[in-house]
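Right, one structure below, let's go through it.
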Ligand SMILES: CC(=O)[C@@H](O)[C@H](O)COP(=O)(O)O
Ligand SMILES: NCC(=O)COP(=O)(O)O
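Numbering (our numbering), first residue to last: 319 to 569.
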C-alpha cells in the first residue's frame, strides 16, 4: 500500500510572513492525519525560514502521526534529531539562497562523513532516509553508508512534465520516469525502502505512484496550496485518492 507523507513547511511559511502564531503546523498535522495522511514531513532549515525548533518539538509531543524530519547533515541538526527522535530523518543538501531544495544529496562525495551521521541517528533509534537524484551510483553509496530509505528527487520529472504541457507520454517525461523507475529498482534490490518526492502535484503524481515498489510519496507545496481553497483535510484526501487509484493500476 502506497503511503502519503504530507509536508507542512508552507503552513509555517504563511505564519512566518507575520511572525505570529497562526496558522499552526500542529493543527495542520492533525487535519492532514484526519484527511488520511500516513505521516508528516517538516524540513527544519538552518535559516529557520519556515518550520521552527518549537514546531518540531510540539509535533513530536502532541501528535501521534509518524514524523519525517528533513535536515542538513550538520552537528546542530543531528543534536536536534537525536533529542526529538522522529521516526525518520531525511538528509538533504541545503543552500541558504535556494527557494527550495535544488538537487539530491551527493552521497558519493561524502561517504565517510555521512556514514558517521547515519550511525549516530541509528544509535538514537532513528531510521535514515537520503534525498538523492535518480542515479545508480548515489543509490549504491546510500546502501554503503547504511541508509535504510532513499527518497528519489522527482523535481526533474516534475519539471519535464510541466514543460511538456502535462503530456505524460512525451519523450522527455518518459525518460525521466524511467530514471526514477531504474533508481527505484536498484534501491529495492539493495534492500532499502523506495520513496519519492519533490514538486509532485495533483497532475503529475500518478505516473510516479504507479511505479513498482514505491512505498511513500512526500508532497507539500501542492497540497498546502490546494488547502487554501479546499481545506487541508479535503486536499489530502484527494491526493491520497489519486495515489491509490494509480497504485491500483500499477505497472
Ligand atoms: C527535500 C525536499 O524535496 C523538500 O522537502 C524541500 O526540502 C522542502 O523544503 P522547502 O519546503 O523549504 O521547499
Ligand atoms: N521531500 C519532498 C517533500 O517533502 C515535499 O516537497 P514539495 O512537495 O513541497 O516540493
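We treat Cβ as the ideally placed atom computed from N, Cα and C, and that holds for glycine.
Here residue 336 is exposed: its Cβ has fewer than 16 other Cβ atoms, across all protein chains shown, within 10 Å. Using a cutoff of 6 Å, the CB of residue 565 does not count as near ligand 2, since none of the ligand's heavy atoms is closer than that. Under the three-state reduction of DSSP output, residue 445 falls in the strand class. A straight line joining the alpha-carbon of residue 551 with that of residue 366 spans about 26 Å. About 7 Å separates the Cβ atoms of residue 471 and residue 421, confirming a contact at the 8 Å cut-off. With a threshold of 6 Å, the Cβ atom of residue 446 does not count as near ligand 1, since no heavy atom of the ligand is closer than that.
Of all residues, those with a beta-carbon under 5 Å from at least one heavy atom of ligand 2 are 325, 359, 515, 516, 517, 536, 537, 538, 539, reported in chain order.
Pairing residue 567 with residue 528, the inter-Cα distance amounts to about 7 Å. With fewer than 16 other CB atoms across the displayed protein chains lying within 10 angstroms of its CB, residue 379 is exposed. Beta-bridge partners of residue 511 (DSSP): 467.
When secondary structure is reduced to three states using DSSP, residue 398 falls in the helix class. Its Cα nearest to that of residue 465, the residue 408 stands out among 408, 519, 493. For a cut-off of 8 Å, the C-beta gap from residue 554 to residue 353 is around 3 Å, short enough to register as a contact. At least one heavy atom of ligand 1 falls within 6 Å of the beta-carbon of residue 388.
Per DSSP, residue 403 lies in no alpha helix (DSSP H) and is assigned neither H nor E. Around the CB of residue 451, 16 or more other CB atoms lie within 10 Å, so the residue is classed as buried. Looking at the DSSP output, residue 359 bridges to 325, 386.
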